[in-house]
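A short worksheet on the structure shown next.
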Amino acid sequence: MVCWICKHSCASSKKNKSHLTLEEALQWSESLQKLMSTKYGPAIYTAYLKTEYSDENIEFWFACESYKKITSRWRRTLKAKKLFKTYIKPSSPREINIDNPTREALEREIHQPTPNSFDEAQIIVLRHMERDSYPRFMASSFYQKLLSHLSD
1 MVCWICKHSC
11 ASSKKNKSHL
21 TLEEALQWSE
31 SLQKLMSTKY
41 GPAIYTAYLK
51 TEYSDENIEF
61 WFACESYKKI
71 TSRWRRTLKA
81 KKLFKTYIKP
91 SSPREINIDN
101 PTREALEREI
111 HQPTPNSFDE
121 AQIIVLRHME
131 RDSYPRFMAS
141 SFYQKLLSHL
151 SD
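With the UniProt record's numbering, letter number 58 in the sequence shown gets 58, and the count goes up by one each step, no holes.
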C-alpha cells in the first residue's frame, strides 16, 4: 500500500526513520513555529493549503526566507521587484493580506531593498497563518487522516 501523502510504501515508511513519523506529526500541534521547524511539516502544511486554494501566504513566507539569503545587491533588487509584483502589489496574482502602511513602505523601498525589506510583511503573514490557516489545518480531516495513517 502507498501512502496518500508521501507516496512511499507503508511498510518502508515504518522501517525507514527518514520518513514522517507519528511523533513528528503530533509535535505540530504545539505551534506553527514547531510545525515549520520540522522536516516534513512545511511540505505537509503547504499541501493542505493548496487543497484550500490558500497557499499564497506560505509561498510568500518561503520566498522571503530565500530572499534573505541573497548576497548580490543586483539579484536582491530583481528578487524584491518580483516579490512585490507577485505578492504585494494590489491585485497581484498571489496578493497577500497586509496593511497599507507596510505595502507603501515596501513600494518606497523596492528600488534599494535590504535583506530585511520584507520582514514586516513576513511577520504579518505569519500572524495570519497562526490565527487562521494553522488552526484550520490542525482541525482538518487532512491532518486527522495523516495521523490515522501514521498510527496504523
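The beta carbon of each residue, even a glycine, is placed where N, CA and C say it ideally should be.
All values reported here derive from a predicted model rather than from experimental measurement.
From this set, ARG75, LYS81, GLN33 and HIS19, which residue's C-alpha is nearest HIS128's C-alpha? GLN33
Quick one: any contact between the stretch 122-139 and the stretch 44-59, if contact means 3 or more CB pairs under 8 Å? yes
One question on the structure: do SER91 and LYS85 come within less than 8 Å of each other, judged by their Cβ atoms? no
Cα-Cα separation between ALA139 and THR46, rounded to whole angstroms: 15 Å
Whole alpha helix (DSSP H) elements within the stretch 106-144, 4-residue minimum: 119-128 and 134-139
Within 10 Å of its beta-carbon, does ARG73 have 16 or more other beta-carbons around it, so buried, or fewer, so exposed? Exposed, since its Cβ has fewer than 16 Cβ neighbours within 10 Å.
Proximal residues to ASP99 (C-beta, below 8 Å), its chain only, five neighbours per side dropped: ILE124
Inter-residue Cα distance where the pair is PHE62 and PHE118: Linking PHE62 to PHE118 through their CA atoms gives a straight-line distance of about 12 Å.
If we call anything under 8 Å between Cβ atoms a contact, is LEU150 one with THR21? yes
Please list the terminal residues of the continuous alpha helix (DSSP H) segment that includes ASN57. Secondary structure note for ASN57: its alpha helix (DSSP H) is the uninterrupted segment 56-68.
Can you tell me where the alpha helix (DSSP H) holding ARG73 begins and where it ends? 73-83
Can you look up SER29 in the DSSP assignment and give me helix, strand or coil? helix
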